[in-house]
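Engineer: Letter by letter, the sequence shown follows residues 1 to 447 in UniProt numbering.
We treat Cβ as the ideally placed atom computed from N, Cα and C, and that holds for glycine.
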Amino acid sequence: MRATCSRNRLSELLRCRGQGQWQFQCPYQLSPARGMTRGRSVKERSKKKRVHALEVAIERWKVLSKVLTVVEALKKEEEHVTPLKRLEILRPQLGLVKPHKVAHFVRRSPHLFEVCRDSRGVMWAGLSPQAEALVEEESRLLEEHSPTAAQYVTRMLMMSVDRRLPIDKIAHFRRDMGLPHDFRTRWVHMFPEQFRVVRLEDGEYLQLVSWNPNWAVTELEKNAAASAGDANASPPGELSLPFPMKFPPNFTSYYRFRGKAHHYVKTGNTEQFQKMTYLSPYAEAKGLTPGTPEFDKRAVAVMHEILSFMLEKRLVTDHLTHFRREFVMPQKLMRLLLKHYGIFYVSERGKRLSVFLTEAYDGTELIEKCPLVRWREKLLQLTGYRGRMKNIGKFDASSDSEDYLLGSDDDAVLDIESENSDDILDGCSISDDSEMDLGDADELCGD
Numbered sequence: 001m002r003a004t005c006s007r008n009r010l011s012e013l014l015r016c017r018g019q020g021q022w023q024f025q026c027p028y029q030l031s032p033a034r035g036m037t038r039g040r041s042v043k044e045r046s047k048k049k050r051v052h053a054l055e056v057a058i059e060r061w062k063v064l065s066k067v068l069t070v071v072e073a074l075k076k077e078e079e080h081v082t083p084l085k086r087l088e089i090l091r092p093q094l095g096l097v098k099p100h101k102v103a104h105f106v107r108r109s110p111h112l113f114e115v116c117r118d119s120r121g122v123m124w125a126g127l128s129p130q131a132e133a134l135v136e137e138e139s140r141l142l143e144e145h146s147p148t149a150a151q152y153v154t155r156m157l158m159m160s161v162d163r164r165l166p167i168d169k170i171a172h173f174r175r176d177m178g179l180p181h182d183f184r185t186r187w188v189h190m191f192p193e194q195f196r197v198v199r200l201e202d203g204e205y206l207q208l209v210s211w212n213p214n215w216a217v218t219e220l221e222k223n224a225a226a227s228a229g230d231a232n233a234s235p236p237g238e239l240s241l242p243f244p245m246k247f248p249p250n251f252t253s254y255y256r257f258r259g260k261a262h263h264y265v266k267t268g269n270t271e272q273f274q275k276m277t278y279l280s281p282y283a284e285a286k287g288l289t290p291g292t293p294e295f296d297k298r299a300v301a302v303m304h305e306i307l308s309f310m311l312e313k314r315l316v317t318d319h320l321t322h323f324r325r326e327f328v329m330p331q332k333l334m335r336l337l338l339k340h341y342g343i344f345y346v347s348e349r350g351k352r353l354s355v356f357l358t359e360a361y362d363g364t365e366l367i368e369k370c371p372l373v374r375w376r377e378k379l380l381q382l383t384g385y386r387g388r389m390k391n392i393g394k395f396d397a398s399s400d401s402e403d404y405l406l407g408s409d410d411d412a413v414l415d416i417e418s419e420n421s422d423d424i425l426d427g428c429s430i431s432d433d434s435e436m437d438l439g440d441a442d443e444l445c446g447d
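#1: State buried or exposed for residue 276, treating a residue as buried only when at least 16 other CB atoms are found within 10 Å of its CB.
#2: Are the beta-carbon atoms belonging to residue 81 and residue 125 less than 8 Å from one another?
#3: Does DSSP put residue 85 in a helix, a strand or coil?
#4: Determine the DSSP secondary structure at residue 79, reduced to helix, strand or coil.
#5: Look at the Cβ atom of residue 112, then the Cβ atom of residue 130, and state whether they are nearer than 8 Å.
#6: Measure the CB-CB distance between residue 194 and residue 163 and report whether it falls below 8 Å.
#7: When DSSP builds the beta bridges, which residues end up paired with residue 200?
#8: Please list the segments of the alpha helix (DSSP H) lying wholly inside the region 334-387, counting only runs of 4 or more residues, in order along the chain.
#9: Restricting to runs no shorter than 4 residues, where is the alpha helix (DSSP H) found entirely within the region 125-206?
#10: Look at residue 152 and residue 265 and say whether their C-beta atoms are less than 8 Å apart.
#11: Could you tell me whether the region 115-122 touches the region 170-184, where touching means 3 or more Cβ pairs closer than 8 Å?
#12: Buried or exposed for residue 321, please, with buried defined as at least 16 other CB atoms from any protein chain shown within 10 angstroms of its CB.
#13: Tell me which same chain residues have a C-beta within less than 6 Å of the C-beta of residue 464, skipping the five on either side of it?
#14: Reducing DSSP to helix, strand and coil, say where residue 241 ends up.
#15: Relative to the C-alpha of residue 224, which residue among 286, 198 and 240 is closest?
#16: Please classify residue 161: is it buried, with 16 or more other beta-carbons within 10 angstroms of its beta-carbon, or exposed?
#17: Identify every residue that forms a DSSP beta bridge with residue 209.
#18: In whole angstroms, what separates the C-alpha of residue 329 from that of residue 214?
#19: Just to confirm before moving on: does the CB-CB distance between residue 54 and residue 282 stay below 8 Å?
#20: Among residues of its own chain, excluding the 5 on either side of residue 345, which ones have a beta-carbon nearer than 6 Å to its beta-carbon?
#21: Pair every Cβ in the region 91-109 with every Cβ in the region 198-205, then say whether three or more of these pairs are closer than 8 Å.
#22: Going by beta-carbon coordinates alone, are residue 347 and residue 353 separated by less than 8 Å?
#23: Do residue 380 and residue 145 have their C-beta atoms within less than 8 Å of each other?
#24: Buried or exposed: residue 77, going by 16 or more other Cβ atoms within 10 Å of its Cβ?
#25: Leaving out the 5 sequence neighbours to the left and right, which residues in its chain are closer than 7 Å to residue 69 when beta-carbon positions are compared?
#26: Can you tell me whether DSSP reads residue 284 as helix, strand or coil?
#27: Going by beta carbon distance, what residues of the same chain come within less than 7 Å of residue 186, once the five residues before and after it are set aside?
#28: When you compare only the Cα positions, how much space is there between residue 376 and residue 183?
#29: Just list the residues that DSSP pairs residue 315 with in beta bridges.
#30: Quick check: the Cα distance between residue 87 and residue 79, rounded to an integer number of angstroms?
#31: Do residue 363 and residue 108 count as a contact pair if the criterion is CB distance below 8 Å?
#32: Closest to residue 303 by C-alpha separation, out of 378, 292, 291 and 280, would be which residue?
#33: Report the rounded CA-to-CA distance for residue 154 versus residue 166, giving the unit in angstroms.
#34: Consult DSSP for residue 219 and reduce its assignment to one of helix, strand or coil.
#35: May I ask you to report which of helix, strand or coil DSSP gives residue 279?
Structure representation (structure tokens):
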């Protein structure tokens with residue numbers, strides 16, 4: 001029946017066009033039932049207000065994330081070497097599509113990865129001496145960062161409505177918060193005075209053990225107290241602190257779309273929002289009504305606090321949406337992030353959206369860099385993408401493709417599976433006894 005109606009409607013439109021009565025109609029005008037679905041996508045809503053510097057920062061992180069995936073996979077192998085074919089399991093995580101191979105990806109960073117052929121012709125990949133040194137340095141930095149990471153995890157438990165969070169969800173923040181690789185097995189048991197593991201019907205949870213009043217203070221309160229010279233911590237309650245806002249140099253408060261002026265940030269609404277009091281993220285929030293201004297502003301405060309815990313003050317938006325129930329945040333979280341442009345910045349580069357805390361960045365650079373962030377910068381300098389990265393300011397929509405990451409045919413990338421690879425692999429050998437089984441893909445890919 002529906003197909004018949006559609007054909008009749010199409011025939012009517014074509015007949016009108018033949019009689020010279022054709023007039024363009026938008027999709028929502030063709031059917032009254034579609035009148036409520038006129039909203040534009042995130043990409044369309046945000047393309048008019050992109051922050052170029054933060055888009056460059058996302059490009060750097062995308063490259064670094066792919067390299068870290070391979071490094072972590074090799075770290076789990078005996079002697080940090082594995083057959084190249086086994087690394088093909090990582091193809092989805094690296095975003096590679098055929099005909100690109102993980103082998104080519106590894107070959108692009110010779111300062112980090114070494115490739116050899118054993119006596120049976122099997123190609124192996126391993127970490128270079130420089131990469132091995134960086135791995136040892138990372139282990140030391142993660143150990144030193146553990147008390148700080150434990151404090152941030154504890155504060156997240158204090159913000160949650162039930163004072164507990166699923167371990168599987170916290171694992172999403174492992175890289176972003178600087179949690180160690182043995183987070184699930186050993187690290188969660190290292191701080192029994194702060195939290196403990198409890199097993200419920202739907203999985204394992206990390207539950208708060210003791211409330212620390214000195215930690216129930218937001219980063220905004222700390223900064224305000226440091227500026228005023230006041231070190232006394234007050235119990236969580238209502239706050240009236242404004243959120244720092246930062247806009248790009250070429251920012252204009254409005255743009256024109258189809259002849260109408262659309263405001264990025266309406267001055268009156270922004271001033272009213274900043275003056276409004278809101279409940280601290282560490283205070284009880286069960287009584288708030290969803291959809292009210294007080295509810296939304298507390299949600300902004302929660303997101304601001306969580307982003308402050310991250311090493312790079314940035315997160316994949318999916319990781320925030322996983323905690324909507326635990327932190328009492330609205331269902332349409334993306335709409336709230338886009339609405340408060342200046343406090344947050346949402347980038348749609350790649351397949352997953354990322355959100356920045358704008359106050360933490362000066363151009364493309366993070367203002368305050370912890371040792372783990374500087375370690376990542378050292379790792380990035382050893383990747384094979386430096387030549388591409390220097391022109392990153394001119395990236396376009398196609399820069400997310402494999403040609404951008406792996407290089408084009410003009411780069412003369414050597415196929416390590418070809419017969420000519422014997423020349424560069426001469427002298428490298430691996431014992432026949434050291435071949436490994438394919439094993440479990442989950443173990444190789446990690447969290």
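Structural biologist: Let me spell this out:
#1: Flag for residue 276 reads exposed.
#2: Judged by beta-carbon spacing, residue 125 lies within the 8 Å limit of residue 81, meaning their Cβ atoms are closer than that value.
#3: helix
#4: It is helical.
#5: In this structure, residue 112 sits near residue 130, with a CB-CB distance shorter than 8 Å.
#6: Contact flag unset, no.
#7: 203
#8: 371-381
#9: 129-159, 167-170 and 174-177
#10: no
#11: The answer is no - the region 170-184 does not touch the region 115-122, with fewer than three Cβ pairs under 8 Å.
#12: exposed
#13: Nothing in the structure corresponds to residue 464, since the chain is present only between 1 and 447.
#14: coil
#15: 240
#16: exposed
#17: Answer is none; residue 209 lacks a bridge partner.
#18: Within the model, the alpha-carbon separation for residue 329 versus residue 214 is close to 24 Å.
#19: no
#20: 51, 54, 356 and 358
#21: With the cut-off at 8 Å, the region 91-109 and the region 198-205 do not touch.
#22: Residue 347 is a Cβ neighbour of residue 353, given a cutoff of 8 Å.
#23: no
#24: By the C-beta density criterion, residue 77 is buried, having at least 16 other C-beta atoms within 10 angstroms.
#25: 90, 93 and 94
#26: coil
#27: Non-local beta-carbon contacts of residue 186 in its own chain, meaning distances under 7 Å to residues more than five positions away in sequence, are absent.
#28: In a straight line, the C-alpha of residue 376 is about 19 Å away from that of residue 183.
#29: 355.
#30: 15 Å
#31: For residue 108 and residue 363, no; Cβs fall outside 8 Å.
#32: 280
#33: Rounded to the nearest angstrom, the two C-alpha atoms are 13 Å apart.
#34: helix
#35: strand
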